[in-house]
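S.K.:
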Amino acid sequence: MALPITGGLNVNSVNNTLGSALQTKEAQFASTMSSIEARGSDSMTAVDLLQVQQQLQQINMFVDLMSTIIKSFSDSVKGVIQKSG
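Spelled out as structure tokens, the structure:
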């Protein structure tokens, strides 16, 4: 008899949690870009460029993290299925 699994870690909870954090970072990036655009590209400073670079790196980090976690989770599930079969 199989017991129902409640709680715990699943792909959807990871995706929802990291996805909402990613959306926040994307919104911050869009806000930064809008602010720079409103001032005009001629007034862009080195600080603006560094801020844009940092925000893009944070977005990239979240995407990489999500991809790694989902792949690891998938590999773990495949391993369990192979051992039980």
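Reading the sequence shown from the start, the letters are residues 395 to 479 in our numbering. The beta-carbon is built from N, C-alpha and C at its ideal position, and this holds for glycine as well.
Would F456 and V405 be called neighbours here (beta carbons separated by less than 9 Å)?
M.R.: Your numbering for residue 456 matches position 62 in the sequence shown. Your numbering for residue 405 matches position 11 in the sequence shown. Not in contact: F456 and V405 (Cβ atoms no closer than 9 Å).
S.K.: Evaluate the contact criterion for the stretch 431-438 versus the stretch 460-474: three or more CB pairs, one atom per stretch, below 8 Å.
M.R.: In short, these stretches do not touch, since the Cβ pair count stays below three.
S.K.: Looking only at its chain, what residues have a beta carbon closer than 7 Å to the beta carbon of T426, apart from the 5 residues adjacent to it on each side?
M.R.: By 1-based counting over the sequence shown, the position of residue 426 is 32. Taken in chain order, the residues that qualify are Q445, V446, Q449.
S.K.: Output the boundary residues of the alpha helix (DSSP H) element that contains M427.
M.R.: Counting from one through the sequence shown, the residue named residue 427 turns up at place 33. Note, M427: alpha helix (DSSP H), 405-433.
S.K.: Can you give me the C-alpha to C-alpha distance between A421 and G413, rounded to a whole angstrom?
M.R.: Taking the sequence shown and counting its residues from 1, the one referred to as residue 421 is at position 27. Taking the sequence shown and counting its residues from 1, the one referred to as residue 413 is at position 19. Straight-line Cα distance between these residues: approximately 12 Å.
S.K.: Tell me the rounded alpha-carbon separation between A440 and N454.
M.R.: Reading the sequence shown from its first residue, position 46 is the one you call residue 440. Reading the sequence shown from its first residue, position 60 is the one you call residue 454. In a straight line, the C-alpha of A440 is about 21 Å away from that of N454.
S.K.: Going straight from the alpha carbon of S407 to that of K419, what length do you get?
M.R.: The count along the sequence shown starts at 1 and reaches residue 407 at position 13. The count along the sequence shown starts at 1 and reaches residue 419 at position 25. Using only the alpha carbons, I get a separation of about 18 Å.
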